[in-house]
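Read through the structure below, which is laid out as structure tokens, and then see the notes.
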Amino acid sequence: MNTSYTNEQYQEAAAFIAARITGNPETAIILGSGLGSLADRIQDAIVIPYAEISHFMHSTAAGHKGNFICGKLGGKQVLAMQGRFHYYEGYSMQQVTFPVRVMKLLGIKNLLVSNAAGGINNTFKVGDLMIIRDHINMMPNPLIGPNNELFGTRFPDMTRAYDREFVRLVEEIAASHNIPLKKGVYVGLTGPSFETPSEYAFYGRVGGDAIGMSTVPEVIVARHAGLRVFGMSVITNEGYHFADDFVNDGADVIVAANKAAVVMTTLFSELVSRI
């Protein structure tokens, strides 16, 4: 599927949201599987269901409520997506990343992304938080097709997709709270099937530390538009260790992500306050 949008459609969605929010938020957060509860910590929240926003899709994934939220976090005005769109839901890459470009038009300069991911690295345990230092994209690139000059250049640089200053700040914040962190490379696959044992082993050999079905398209489009990006994964299963009776279970992913949401809220709130 190759759904393209006109600049007028991006602007129409942005205008609808702008008319309903207050302040001038510069930071946006995309909350992944099971992490939507972080949105409950946003104060003076204005909630806009995706269904009300022109050209927005409906989030069908478990743990994704499907709301755009504006309010205060870490003492600053933020936008938050309580749920995202996935390629495996049948949406095109342009539909998956549509909200990122809308947020750019709303004046967003910083994008914080979170997800639930399977652990490839054999030192990772369920519940660990991993700072994404880089990614390996195994999905169709969302920038394929005519370049939209309104947002960015034809060939955006991805050398530093994840902002090193943001990484340094989060490491400082975590140390001050005695929060242990991992750091690694996120592998983005289309899904919806979970990975086989051989696929886990393969992606580990090529440099992956964690694996999931989201985030990378959003980051590519965000960097194309000049946004600074920080990413974090919650490790929700230890995919590198397959016992005979092991079965990947989407419900287990939500449970593990929910347990990590409180810690991630602390990290994201303090990061927002410093940028």
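Reminder that position 35 of the sequence shown reads as 35 in my numbering, one-by-one numbering, no gaps. All C-beta atoms in this analysis are idealised placements derived from N, C-alpha and C, irrespective of residue type, glycine included.
Supposed close pair residue i, residue j - CB separation, criterion 8 Å
i	j	result
Val113	Gly188	With 8 Å as the limit, Val113 and Gly188 do not qualify as a contact, their Cβ atoms being about 11 Å apart.
Ser273	Arg41	Incorrect: roughly 13 Å between the Cβ atoms, too far for contact.
Arg84	Ala225	Wrong, their Cβ atoms sit about 17 Å apart, outside the cutoff.
Ala210	Ala80	Incorrect: roughly 22 Å between the Cβ atoms, too far for contact.
Leu38	Ala261	6 Å
Ile17	Ile53	6 Å
Residue environment, residue i, which counts as buried when at least 16 other CB atoms sit within 10 Å
i	result
Glu165	exposed
Gly127	exposed
Pro49	exposed
Asn141	exposed
Ile173	buried
Identity of the residues DSSP links to residue i by a beta bridge
i	result
Asp134	Val185
Gln43	Lys72
Thr3	BP columns for Thr3 are empty, so no partner.
Gly212	Gly188
C-beta contact flag for residue i and residue j at 8 Å
i	j	result
Met57	Tyr91	yes
Asp44	Lys65	no
Thr266	His177	yes
Glu195	Lys125	no
Leu181	Ile132	no
Val185	Ile136	yes
Tyr203	Ile120	yes
Ser214	Asn115	yes
Where residue i sits in the DSSP three-state scheme
i	result
Arg154	coil
Leu267	helix
Met232	strand
Val113	strand
Asn178	coil
Gly118	strand
Ser273	helix
Ala243	At Ala243 the pLDDT is 47, less than 50, meaning the model places this residue with poor confidence; the figure from the coordinates comes in the next sentence. In this structure, Ala243 counts as coil in the three-state DSSP scheme.
Pro192	coil
Ala277	Look at the range of the chain in this structure, 1 to 275, and you will see that residue 277 is not part of it.
Thr159	coil
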